[in-house]
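Visitor: If you count by the numbering used here, then the sequence shown holds residues 499 to 587, one letter each, in order. Ideal Cβ placement from N, Cα and C applies to all residues, glycine included. Fair warning: this is a prediction, and the values are worked out from it, not measured in the lab.
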Amino acid sequence: MIHSETKIRVRYAETDKMGIAYHGNYFTWFEVARISMLNELGVPYRDLEADGFLLPVLECRAKFLRSAVFDDLLTVKTFIEEPPLARIQ
499 MIHSETKIRV
509 RYAETDKMGI
519 AYHGNYFTWF
529 EVARISMLNE
539 LGVPYRDLEA
549 DGFLLPVLEC
559 RAKFLRSAVF
569 DDLLTVKTFI
579 EEPPLARIQ
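1) For the putative contact between Ser-565 and Ile-506, defined by C-beta atoms under 8 angstroms, what is the C-beta separation to the nearest angstrom?
2) Let me know if Met-499 comes out buried or exposed under the rule of 16 or more other beta-carbons within 10 Å of its beta-carbon.
3) Rounded to whole angstroms, what is the Cα-Cα separation between Glu-557 and Asp-569?
4) Can the beta-carbon of Phe-525 be found less than 9 angstroms from the beta-carbon of Thr-576?
5) With 16 as the cutoff for other CB atoms within 10 Å, does Thr-513 come out buried or exposed?
6) Per DSSP, which residues does Thr-526 bridge with? Please list them.
7) Tell whether a beta-carbon distance below 9 angstroms holds between Ser-502 and Glu-547.
8) Is the beta carbon of Thr-504 sitting closer than 9 angstroms to the one on Val-567?
Below, the structure is given as structure tokens:
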């Protein structure tokens, strides 16, 4: 299994008037972690695209257990359970 952890600090602009992170930002943070994992693996997404490979997201979901708030330091854990052949899950 391939595993990566990316730290994200919740910025003020990502929150509402109560200081709670807007739910749509989580998916941006997931994308930051996905690109970070590829960089750690030595296959930057920019290089993949230059070589003609694209990695579209086909499915993404989240279960919100509690709110992230301004200045929280989040850890986004990204993993690939099986070696990729034609798709990465």
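Guide: Well, looking at it:
1) Not really, about 14 angstroms apart at Cβ, beyond 8 angstroms.
2) Under this definition Met-499 is an exposed residue.
3) Roughly 28 angstroms separates the two Cα atoms.
4) Result no, Cβ atoms of Phe-525 and Thr-576 do not sit closer than 9 angstroms.
5) Burial check for Thr-513: the Cβ neighbour count within 10 Å reaches 16 or more, so the residue is buried.
6) None; Thr-526 has no bridge partner.
7) No.
8) It is not a contact, given that the beta carbons lie outside the stated cut-off.
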